[in-house]
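Note that full-length UniProt numbering has the sequence shown beginning at 1, numbered continuously upward.
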Amino acid sequence: MLITSRTPLRVSFFGGGTDYPEYFSRFPGAVVGMAINKYIYISALRLATFIDYKYRLSYSRLENTTRIEDIQHPVIREVLKYYKVDEALDMSVIADLPASSGLGSSSAFTVGLINLVKALKAEQMTRLDLGLAAIHAERELLSDSVGVQDQLHAAFGGLNRFDFVDGRIRISPVQMHSDSQNMLLSSLVLIYTGIQRSASATVKEQIEATRERKVDRELGELLALTTQAVEVLEGSDPERMLATFGAMMHEGWMIKRSLSTKVSTPEINELYDAAIEAGAYGGKLCGAGGGGFLLMVIPPERRAAFNERMQKAFLIPIDMDRQGSAILQN
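Below you can see the structure in the form of structure tokens.
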């Protein structure tokens, strides 16, 4: 039987940077974001024992090996080792959008892989424990300097606020009216910058600045926007909600650009300014920065004109994923 995990990517609205232990070990941290209907799929098929390899992996490259230790893909290798997966497997990975694009694909992959491994072992795991397991895998098994929001968005799905206080995580779904939620979802569009990047250099500079307390004021401002954003999103006037939310996104992006010299580039700034001139209320670059996707907020009545003016750009409308990482069986 082929078993597949389907795990959503995410867009982070506010609070990014406060979800790093380097920050929330000293101050409360909080983020607001949304899982989106763009996915990473990881499939596994148990292999017959007489085949001359034990693990066949198909992702951006093809691997055939007989030992877990020889697997080149670091996440697959370490997760299979940690969870003591000993059976022969054929595994393949496909994704709706490219990696290294600021949509949390690395963490979504880790969440989806752990979810798949647990399904293969017929073991149950809560969404909280799935997110925490992915955080442990990335930060401890792989020694990656990552935040802790992407794993939670991928595990839970939906539109949520996550708080990080005193070593604990609190999950609070944003309670939106139907008209406001429909307005928000019909306004969001991704614009591909054409730049695939590694977030490591940007994250390294930002973490060093966080450790040295050079960006405490800026991160505090982003945290304040998180609380304000929930109040705005839960308002009852859809048009007022969207206009205010878009303006706040713009404000947050201006702050985020000040966290590191590597967050943006002149080309990205030019594309962002063009989107604003075409009718967007505001937006931000997704992820740590340096490339990937811009997320823009465009009121529905301006979308046709916006699409016409931005026709040379690669635009992707998005919706909300409401399920989180799921197991599909064929």
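The C-beta atom is built at its ideal place from N, Cα and C for all residues, glycine as well.
These numbers were taken from a predicted model, which means no experiment stands behind them.
- In the three-state scheme derived from DSSP, where H, G and I count as helix and E and B as strand, L225 is classed as helix.
- Within the segment 133-163, the alpha helix (DSSP H) runs of at least 4 residues that lie entirely inside it are, in chain order, 150-156.
- Each of L159, F109, G157 was checked against the Cα of I135, and the nearest Cα belongs to F109.
- About 7 angstroms separates the beta carbon of F245 from that of L233, a gap short enough to meet the 8 angstroms contact definition.
- Counted as a single uninterrupted DSSP element, the beta strand (DSSP E) harbouring K284 occupies residues 282-285.
- Around the beta-carbon of Q149, 16 or more other beta-carbon atoms lie within 10 Å, marking it buried.
- For K38, the CB contacts under 6 angstroms within the same chain, skipping 5 residues up- and downstream, are L9, D96, L97 in chain order.
- Membership of Q329 in the beta strand (DSSP E) is indicated by the continuous run 326-329.
- Straight through space, the alpha carbons of D237 and A326 are spaced by roughly 33 angstroms.
- With 16 or more other Cβ atoms from the protein chains shown falling within 10 Å of its own Cβ, F162 counts as buried.
- According to the DSSP assignment, G33 belongs to the beta strand (DSSP E) that extends over 29-46.
- Between the C-alpha atoms of M91 and I76 there is a straight-line separation of about 10 angstroms.
- Going by beta carbons, A209 and V215 fall inside the 8 angstroms limit.
- Per DSSP, L57 is one residue of the beta strand (DSSP E) stretching across 55-58.
- Under the three-pair Cβ rule at 8 angstroms, the segment 174-184 does not count as touching the segment 53-72.
- Scanning A30, G17, S25, M1 for the CA closest to the CA of T226 turns up A30.
- The beta carbon of L152 sits closer than 6 angstroms to the beta carbons of G131, F162 from its chain, once the five residues preceding and following it are set aside; these are given in chain order.
- K54 and E140 have their alpha carbons spaced roughly 26 angstroms apart.
- Annotation: the continuous alpha helix (DSSP H) that includes R303 extends over 303-309.
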